[in-house]
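Colleague: Once you've had a glance at the structure underneath, I'll fire off some questions.
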Amino acid sequence: MNEFSGLSKKQAQEKLNEFGFNELKEINKVSGFGILLRQVKNNFLVYLLFFAAIMSFFIGKAITGYAIFGVIFVVVILGFVQEYRAEKSINALKQMIIPVSIVIRDRKEIEIESKNIVPGDIIVLRTGEKIPADCIVLESKELLVNESALTGESKGVKKIAAKTEDKYGKENLVFMGTYVIEGKCIAKVLHTGMNTAFGKIAGMISKAEKELPLQKKVNDIVKFMAFVAICVSVLSGIIMLIKNIPFSSELLIEVIIVVIALCVSAFPEGLPVVLISVLAKGAWTMAGKNAIVNRMSIIETLGETTIICTDKTGTLTKGEMTVKKIFIWDKIIDVEGSGYKAKGDFIYNNKKINTSKNIALNKLFRAAVLCNDSKIERKGNDEEYRANGTPTETSLLIMSAKAGIYRDDLNCVRQEEIPFNSNRKKRSVLIKEKDENYIYSIGAIEVLLDKCSYIQSQNKIIELENDQKQKILNINKKLTQDRFRVLCICCKQAKKKEITENDLVFLGLAAMDDPPREEIPDALKSCKQAGIKVKMITGDNKETAKQIGKQIGIDGEIISGNEIDQLTDYELSKSVNNVAIFARVRPEHKLRIVNAFRKNNEIVTMTGDGVNDAPALKQAHIGVAMGKNGTDVSRQASDLILKDDNFATIVSAIKEGRVIFNNLQKCVAYQLSCNYAELIIIFFGILLGFPLPLLALQILFMNLVTDDLTAIALGFNPSSGDIMKIKPRKKKTILNKELFVYIAIAAIVVGVVCLSAFFISYYVLGQSIAVARTTTLITLVFMEIANAYNFRSFRKKVIGRSLLVNKYLFLASILSVLLTLLVVYFAGMNSIFETLPVGLVNISIAVFSSLLIVVVFDVYKKRKVKKYNINYNMKK
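Going by this note's numbering, the sequence shown opens with residue 32, and the numbers climb by one from there.
This is the structure in structure tokens:
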């Protein structure tokens with residue numbers, strides 16, 4: 032390949048100043064002011080309150096009017112703060128995986144953030160990478176590009192190098208937003224950012240995020256509740272008017288205000304905000320555990336996962352391949368050391384080998400570094416290296432580095448190559464060494480050994496006999512049985528300046544080990560307890576896969592990619608559930624595996640890191656890409672990205688998904704129970720002929736200081752100890768029969784007890800209407816706070832448990848009580864909310880009532896816990 036100097040650091044900075052960042056403008060990005068306006072524009076509650084405030088001024092109740100305007104302000108600000116914080120959290124999540132590109136600057140290949148690419152940059156593109164700008168191809172090797180982002184056509188488009196930079200056609204151009212399917216190239220950037228073809232249609236592709244399925248379910252509940260609230264409120268108003276015939280105009284206005292306030296009290300306007308807050312916090316919590324959410328909608332699905340199909344290398348294992356054994360000619364040599372530290376000797380018969388004098392080993396090392404696209408960089412002064420490439424190729428570089436052989440020290444030029452892909456299972460390169468050309472090939476033994484006609488002995492090349500071939504196969508079998516991944520390394524002198532993969536010289540086998548991650552056994556145990564089946568997918572042969580599976584705890588039936596090819600889709604779906612390990616799998620097999628599980632009504636999570644894994648990732652319910660070793664394409668196609676490429680992180684994300692959904696159920700059920708309780712108090716109070724048990728402003732106060740605060744706090748309930756010991760939920764509904772029973776019990780008990788408190792204060796104790804209403808308000812606040820603790824768990828009792836399990840709820844409770852006492856005992860608030868200080872008897876009624884709701888639910892839980900849907904078998 033040609034030498035490219037690229038831009039200098041100074042030139043790149045000047046162009047960055049001139050053209051700006053290589054970014055697309057977010058057409059529909061919502062500003063803080065836009066979020067604030069949305070709190071007014073799309074909030075039915077605000078319009079109702081505004082109307083109520085105007086009516087208050089109209090009938091001469093200025094204090095009430097000002098107070099309602101104050102409530103409007105609080106509602107808008109609370110909504111703004113919650114949504115703004117959620118928006119910021121979601122945007123921050125999107126920045127956690129930063130796109131990077133390889134550019135040539137000052138004659139060196141360096142990695143930079145893609146947004147810093149400028150026109151004139153020389154960039155290096157490889158298989159699976161997203162193209163960051165519009166470019167002209169200067170050099171290419173088997174380059175195939177997917178341009179579906181621009182054309183809608185998913186078929187790969189062949190690209191070739193332009194003859195000159197001034198004369199080029201479409202076949203010489205690659206565009207921002209497309210990606211490399213196969214091959215690689217060196218290209219020069221023509222346009223960046225909004226000046227690209229992709230940027231020019233940014234207005235068409237930059238659309239607002241669609242409503243989440245979970246969001247739709249919550250909004251449907253809100254709409255239904257609004258309908259019920261309006262009906263009951265209007266009916267209450269009609270009853271009030273009928274009971275006061277003939278009625279005055281002042282009464283009519285008062286009825287309108289009460290009806291509006293009642294409607295508002297029963298309208299769960301806070302639920303959408305609670306949903307956004309809980310999802311955003313959950314996504315942020317997952318990010319803190321190395322799981323980056325690409326699409327918020329998958330949080331709902333995570334908790335339903337029944338099958339995890341996971342790659343082996345780097346996910347179940349550490350992803351730091353180490354060559355442990357080498358076979359050459361007639362020797363199996365042990366290689367000391369582990370990981371990416373180039374320190375270790377080569378041992379044969381317990382003696383150290385002098386690699387510099389071993390011709391066969393030196394040829395194998397040269398092949399290992401020359402037929403290799405990865406790079407290693409020294410971390411410091413020691414022998415530990417940082418990898419830039421695949422674990423498999425990196426292990427070959429580290430192996431050779433232990434012998435003191437580095438690619439940069441070899442006076443060689445790569446002239447041609449045929450890249451590795453999952454179908455070929457091999458890579459070949461044409462290298463010019465001095466005046467000679469050599470072909471080096473590395474790949475799976477089953478595809479390369481049959482192409483070998485010769486073998487490198489200790490000092491010379493001889494013909495490869497059949498018995499020697501069989502010996503190599505036997506050694507390969509033994510190595511794979513010992514769980515090693517084995518690569519075959521070959522070479523030959525090229526007579527022509529082209530790659531021909533026949534009559535190769537067998538140099539040897541490199542057997543590498545990638546030890547399992549320490550946390551995998553616990554993660555697999557957690558999956559088993561949670562009713563989640565784990566399937567291992569690997570490119571290793573069946574014997575290696577079997578041994579590794581046993582080592583990490585995945586044992587059972589094994590099927591190979593070739594065997595999958597022999598099955599129809601129907602046959603595969605019938606047998607796939609019994610398979611524990613899929614060996615020698617290609618990307619197209621992954622897609623068939625996903626479809627087979629889906630036919631069996633399983634909820635599938637599939638991992639992938641390659642460009643060809645994208646279809647399977649999209650087809651799975653949850654596609655999981657690798658953040659460290661994954662391609663741009665797989666990350667774009669995925670729903671979840673693992674920053675640490677760790678299987679245990681998937682399990683952690685599933686656990687968090689279950690926690691989030693369970694907390695949302697608690698939030699919704701609790702808030703609906705509060706709304707219905709308030710409806711019961713007002714509606715039946717009017718029906719029984721009582722004076723209004725609560726005034727409009729008192730109801731609005733209740734909504735703000737109790738319902739919304741505690742509902743949001745419930746959304747942050749911590750994980751229960753046994754949430755991963757239950758089977759995946761079968762139904763996707765937020766509310767079901769058991770929750771409706773819960774809501775009904777809470778609403779009826781709270782409603783009846785609060786009406787009783789009003790009756791005792793007003794009719795039995797003969798206290799004033801203001802004191803009776805204050806007593807009802809305090810009782811309602813105390814009962815709903817106590818009830819929030821009931822909703823912490825649908826199974827565990829409240830009595831005997833710490834109040835600090837959910838610290839957010841505890842703080843919200845304290846704040847609600849303090850604000851209520853302020854309204855009751857502070858003279859300035861008495862005139863606004865029409866309350867009066869109450870005595871010990873009234874406080875005792877409220878405290879007793881709050882204890883009563885706790886006892887009722889503790890008894891109910893004890894009797895019904897065994898009959899509960901498994902969704903609710905949680906300790907917290």
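Ideal Cβ positions, reconstructed from N, Cα and C, are used throughout, including at glycine.
Given the structure is predicted, the values throughout are model-derived calculations rather than measurements.
#1: By the 10 Å Cβ neighbour count, where 16 or more other Cβ atoms means buried, how is Ala322 classified, buried or exposed?
#2: Decide if Tyr416 is buried, meaning its Cβ has at least 16 other Cβ atoms within 10 Å, or exposed.
#3: Asn177 lies in the beta strand (DSSP E); which residues open and close that run?
#4: Residue range of the alpha helix (DSSP H) that Thr575 falls in?
#5: I need the boundaries of the alpha helix (DSSP H) containing Ala561, first residue and last residue.
#6: With DSSP collapsed to three states, give me the class of Gln597.
#7: Can you list, in chain order, the residues of its chain whose CB lies under 7 angstroms from that of Glu633, leaving out five sequence neighbours each side?
#8: Cα-Cα, which of Asn442, Val664, Ile681 is closest to Leu635?
#9: Based on DSSP bridge pairs, tell me the residues matched to Lys343.
#10: Three-state secondary structure (DSSP) at Thr386?
#11: So, for Gly110: in the same chain, excluding its five sequence neighbours on each side, which residues have a beta-carbon less than 6 angstroms away from its beta-carbon?
#12: Under the assumption that Val176 contacts Val131 (Cβ atoms under 8 angstroms), give the Cβ distance between them as a whole number of angstroms.
#13: Considering Asp513, what are the terminal residues of the alpha helix (DSSP H) in which it resides?
#14: Does the region 568 to 583 touch the region 416 to 432, meaning 3 or more C-beta pairs lie closer than 8 angstroms?
#15: Can you give the Cα-Cα distance for Gly187 and Gly214, rounded to whole angstroms?
#16: Pick from Arg458, Cys443, Asn818, Leu441: whose alpha carbon is nearest that of Ile449?
#17: For the region 633 to 670, list the beta strand (DSSP E) runs that are entirely contained and at least 3 residues long, ordered along the chain.
#18: Applying the criterion that 16 or more other CB atoms from any shown protein chain within 10 Å of the CB defines a buried residue, is Pro722 buried or exposed?
#19: Ends of the beta strand (DSSP E) at Ala611?
#20: DSSP has Gly474 in a bridge; who is on the other side?
#21: On a Cα-Cα basis, can you pick out the residue from Ser39, Ala93, Glu118 that is closest to Phe64?
#22: Exposed or buried, what is Pro277 when buried is set at 16 or more other beta-carbons lying within 10 Å of its beta-carbon?
#23: Any idea if Asp165 is buried or exposed, counting beta-carbon neighbours within 10 angstroms, 16 or more meaning buried?
#24: Leaving aside the five residues before and after Glu424 along the sequence, list all residues of the same chain whose C-beta is less than 7 angstroms from its C-beta, in chain order.
#25: Run through DSSP, which three-state label would Phe50 get?
#26: Take Gly688 and list the residues in its own chain whose beta-carbon comes closer than 7 angstroms to its own, dropping the five residues that flank it on each side.
#27: Per the DSSP calculation, Lys215 is bridged to which residue(s)?
#28: Taking the C-alpha atoms as reference points, what is the distance between Asn748 and Phe692?
#29: With 16 as the cutoff for other CB atoms within 10 Å, does Cys262 come out buried or exposed?
#30: Determine, using beta carbons only, whether Pro724 and Ala803 come nearer to each other than 9 angstroms.
#31: Please list, in chain order, all residues of the same chain as Gln42 whose beta carbon is under 8 angstroms from its beta carbon, the five residues on each side excluded.
#32: Residue range of the beta strand (DSSP E) that Lys356 falls in?
#33: From Val211 to Ser453, what distance separates their C-alpha atoms?
#34: Could you check the C-alpha separation between Ala541 and Ala391 for me, to the nearest Å?
#35: Suppose the cutoff is 7 angstroms on Cβ atoms and the five residues either side in sequence are ignored; what does the same chain contact list for Ala982 look like?
#36: Could you check where the alpha helix (DSSP H) with Cys785 kicks off and where it finishes?
Modeller: Let me spell this out:
#1: buried
#2: buried
#3: 165 to 177
#4: 573 to 583
#5: Neither: Ala561 is in no alpha helix (DSSP H) and is coded neither H nor E.
#6: coil
#7: Thr337, Ile338
#8: As written in the sequence, residue 635 is Val, which differs from the Leu given in the question. Comparing Cα-Cα distances from Val635 to each of Asn442, Val664, Ile681, the minimum goes to Ile681.
#9: The partner list for Lys343 (beta bridge, DSSP) is empty, contrary to what the question assumes.
#10: helix
#11: Gln70, Val304
#12: The pair is not a contact, with the Cβ atoms about 19 angstroms apart (cut-off 8 angstroms).
#13: Looking at the DSSP string, Asp513 is not in any alpha helix (DSSP H), and its letter there is neither H nor E.
#14: no
#15: 12 angstroms
#16: Arg458
#17: 635 to 639, 653 to 657
#18: exposed
#19: 610 to 614
#20: Lys457, Cys519
#21: Glu118
#22: exposed
#23: buried
#24: Asn403, Asp404, Ser405
#25: helix
#26: Ile330, Leu333, Gly334
#27: Lys172
#28: 11 angstroms
#29: exposed
#30: yes
#31: Gly151
#32: 353 to 359
#33: 15 angstroms
#34: 13 angstroms
#35: The chain is shown from 32 up to 907; residue 982 falls before or after that span and cannot be answered.
#36: 768 to 790
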